[in-house]
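Undergrad: Just so you know, the sequences run in chain order V and U. Using this note's numbering, read the first sequence as starting at 3 and increasing by one per residue. Using this note's numbering, read the second sequence as starting at 108 and increasing by one per residue.
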Amino acid sequence: MIEIDDVTVQFGGVLGLNALTANLAEPVTGLVGPNGAGKTTLINVLSGFVQPTKGRVRVDGRDLKDIPIRKRAAFGLRRTFQNEQIVENLTAGDNVAAVLDNVPTDGQPRRLLIDKALDFVGLLARRDTPGRDLNAYQRRMLEIARATAGLPRLIMMDEPGAGLAQHESEHLRDVIKAIHGYCGAQVLLVDHDVDLISATCTATLVLDFGSPIAYGPTPNVLADPKVRAAYLGVLEEDAT
Amino acid sequence: MPISTARLPLRAIAVCAGALLALYFLPAALSDYWLRALISVTALTVASLSVSLLFAQLGMVSLAQYGLLGVGGWFALRISHGLGVPFELALLTGGIAAALVGLVIGLPALRMRGLYLAIVTLMMAGAIQVLISAFGFPDGGSGILGKSTGTRMMMARPLLAQNDEAYLRYAIVIAGLCYLLVLAHVRGRPGRAWAMIRRSEVCALAGGVDITAYKVRAFALSGFLAGIAGGLLAGGVGQLDASAFPASQSIMLFALTIVGGAYSWLGPIVAGLLLRAFPALLNDFRIDGNIATMIFGLGLLHALITAPRGVAGQLADLVRTVRRLVGGKRKAES
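#1: Output yes or no for whether 8 angstroms exceeds the beta carbon distance between residue 309 of chain U and residue 84 of chain V.
#2: What's the call for residue 53 of chain V, buried or exposed, on a 16-neighbour Cβ count within 10 Å?
#3: Using a 10 Å radius around the Cβ and a threshold of 16 neighbouring Cβ atoms, would you call residue 62 of chain V buried or exposed?
#4: I'd like to confirm the pairing. Which residues does DSSP put opposite residue 25 of chain V in its beta bridges?
#5: Determine the DSSP secondary structure at residue 416 of chain U, reduced to helix, strand or coil.
#6: When you compare the CB of residue 248 of chain U with every CB in chain V, is at least one pair closer than 8 angstroms?
#7: For the 8 angstroms Cβ check, are there 3 or more pairs between the stretch 204-221 of chain V and the stretch 16-32 of chain V?
#8: Any beta carbon from chain V within less than 8 angstroms of residue 357 of chain U's own beta carbon?
#9: Can you give me, in chain order, the residues of the stretch 42-58 of chain V that have a beta carbon less than 9 angstroms from any beta carbon in chain U?
#10: Nearest to residue 118 of chain V by CA position, among V:147, V:142, V:172, is which residue?
#11: Check for me: the beta strand (DSSP E) holding residue 81 of chain V runs from which residue to which?
#12: Tell me where the beta strand (DSSP E) around residue 160 of chain V begins and ends.
#13: Could you pull the start and end residues of the alpha helix (DSSP H) that residue 215 of chain V belongs to?
#14: At what residues does the beta strand (DSSP E) containing residue 197 of chain V begin and finish?
#15: Should residue 87 of chain V be flagged as near chain U, meaning a C-beta pair shorter than 8 angstroms?
#16: When we look at the beta-carbon of residue 98 of chain V and count the other beta-carbons within 10 Å, is it buried (16 or more) or exposed?
#17: Have a look at the DSSP bridge pairing and note the partners of residue 141 of chain V.
#18: Under the three-state reduction of DSSP, which class applies to residue 190 of chain V: helix, strand or coil?
#19: Would you say the stretch 229-241 of chain U touches the stretch 376-387 of chain U, given that touching needs at least three Cβ pairs under 8 angstroms?
#20: Compare the C-beta of residue 155 of chain U with all C-beta atoms of chain C and state if any pair is closer than 8 angstroms.
#21: In three-state DSSP terms, what is residue 132 of chain V?
#22: Say whether chain V places a C-beta atom closer than 8 angstroms to the C-beta of residue 430 of chain U.
#23: Which chain U residues are close to residue 134 of chain V, counting only those with a beta carbon under 7 angstroms from its beta carbon?
#24: In chain U, which residues lie with their C-beta within 9 angstroms of the C-beta of residue 230 of chain V?
#25: Quick one: what's got a C-beta closer than 8 angstroms to residue 91 of chain V's C-beta in the same chain, skipping five residues either side?
#26: Of all Cβ atoms in chain U, is any one closer than 8 angstroms to the Cβ of residue 137 of chain V?
#27: Can you check whether the C-beta of residue 75 of chain V is within less than 8 angstroms of a C-beta belonging to chain U?
#28: Figure out for me which residue from V:136, V:31, V:227, V:151 has the closest Cα to the Cα of residue 89 of chain V.
#29: Give a yes or no on whether the C-beta atoms belonging to residue 155 of chain U and residue 360 of chain U are separated by under 8 angstroms.
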């Protein structure tokens with residue numbers, strides 16, 4: 003459960019988020035909007051890289067202001083990046099281990115947790131492969147494995163589908179859908195691929211210029227004329 | 108390949124046995140001059156290890172490491188002369204003192220990187236140089252500084268290793284322990300955290316790594332190694348010369364660590380050999396040892412342009428090439 007209460011983020015004269023208020027409770031929530039709408043800014047606020055100028059954010063009832071940035075992973079806030087951040091000189095297994103070092107593990111053996119996380123994204127056979135030898139798709143999957151290891155509450159994904167081939171994005175879709183059942187974490191998904199959003203997200207929040215313009219069940223939101231004008235305008239032109 | 112892993116223990120045992128034999132017989136075959144040179148080489152290998160730890164694990168350049176050798180040596184001498192403790196304890200004290208100073212030097216690293224960090228650490232090395240040349244090294248006198256006005260006392264060597272031959276063996280074992288200490292860190296939790304920090308601080312933060320703590324830890328460990336190196340040097344010579352720890356030596360140490368290869372376990376050994384054995388070799392041939400500095404410059408240029416992994420990387424490539432050639436021949440024969 004993410005409660006965003008009147009959050010404003012100001013970068014100099016630019017508003018990244020403009021008095022945004024939203025309660026996101028669905029297990030998989032999409033976050034869409036044109037470039038510069040504030041999607042990544044919202045993720046950065048949640049993971050602590052950006053301090054809100056005003057307002058507050060709560061996750062599962064805890065005010066994020068009370069959780070310093072380096073403790074947020076242990077609290078259960080995890081993310082993947084638009085530009086993947088795999089450690090190239092660690093093996094896939096060690097990439098997961100590096101995160102497990104800093105998060106609660108529920109007393110389970112680490113080896114088991116690493117194997118489980120890699121198996122979940124289909125990389126178990128690559129456990130001992132160095133990060134530098136993984137391809138773009140495997141790197142994204144490894145980032146997801148890192149995010150699911152060790153009791154996550156909220157997994158935020160910043161454009162995980164960018165640049166993937168057809169069969170790869172189909173696998174990604176299945177993995178995203180399975181995350182909540184697998185580890186109980188809520189998923190917040192930013193992507194430009196409307197197909198991916200509508201296939202995986204039960205609810206979607208649309209941002210434009212840092213403000214919400216629609217929120218609700220994904221099919222309704224994507225059919226909203228306001229959303230189509232702001233974000234899917236091109237498609238509407240095609241339709242006419 | 109499953110076969111090669113099954114063979115590995117046997118090979119490892121063979122390597123260990125070979126190393127032990129070499130450790131026993133090699134020092135016995137050397138002249139006094141070369142014994143002393145190799146004692147310095149061993150100490151400087153540990154010093155270079157401390158530089159390569161910071162550079163390879165975190166990409167950080169510390170130009171204060173040679174100064175930290177001086178700090179380690181100072182405390183080792185002071186405790187040894189003042190309290191008459193066993194050599195091991197003096198060595199450990201030197202290491203810990205240098206670790207603490209290294210930790211202070213590392214504080215700017217929490218905010219800076221690259222050239223700025225290099226400059227700040229170089230200034231710290233300069234400060235250490237000034238302090239050492241002003242106060243000198245303890246040599247058995249009284250008072251806090253332990254300076255005597257009469258005869259200079261020699262540092263007591265370990266009980267096990269009173270002569271040069273035994274001390275060289277002793278130093279090599281200590282260097283081996285230092286390697287194991289680094290290995291335990293790199294293979295374990297700190298190594299993974301350092302790798303995340305090196306990838307990017309954003310990546311480390313998202314993975315919950317306490318960046319400050321792990322950077323400080325790297326500097327402390329690196330300082331500890333430098334201090335041990337200083338103590339080994341003090342024990343080898345018996346005393347230390349106040350003019351032997353200029354800031355410029357820190358730059359030399361860093362440069363030669365790059366030439367040797369900071370990313371390989373072999374690199375620091377190459378750097379140690381270059382720093383002390385190479386000038387000794389030139390002297391052996393009646394060539395001025397100072398020419399070494401010019402050759403080091405060329406070596407650095409060569410490393411930066413063509414061999415980013417240093418001499419150690421080139422050696423590894425050479426071994427691989429030879430193995431491929433031999434393997435190819437074998438395949439052709441069968």
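C-beta: ideal position from N, C-alpha, C; glycine also.
TA: Here's the rundown:
#1: no
#2: exposed
#3: Classification for residue 62 of chain V: exposed.
#4: V:5
#5: coil
#6: no
#7: yes
#8: no
#9: 49, 50, 51
#10: V:147
#11: 79-82
#12: 156-160
#13: Taken as a continuous stretch (DSSP letters only), residue 215 of chain V belongs to no alpha helix (DSSP H), being part of the beta strand (DSSP E) at 213-219.
#14: No beta strand (DSSP E) holds residue 197 of chain V; the alpha helix (DSSP H) holding it covers 196-202.
#15: yes
#16: buried
#17: DSSP, once it has assigned bridges, lists no residue as partnering residue 141 of chain V.
#18: Note: residue 190 of chain V maps to strand in three-state DSSP.
#19: Judged by pairs of C-beta atoms under 8 angstroms, the stretch 229-241 of chain U does not touch the stretch 376-387 of chain U, as fewer than three such pairs exist.
#20: In the displayed structure, chain C is absent; the protein chains listed are V and U.
#21: DSSP places residue 132 of chain V in strand when its eight states are reduced to three.
#22: no
#23: Going along chain U, no residue has its Cβ under 7 angstroms from residue 134 of chain V, so there is no contact; the nearest lies around 11 angstroms.
#24: Chain U residues near residue 230 of chain V: none, gap ~34 angstroms exceeds 9 angstroms.
#25: 132, 133, 134
#26: no
#27: yes
#28: V:136
#29: yes
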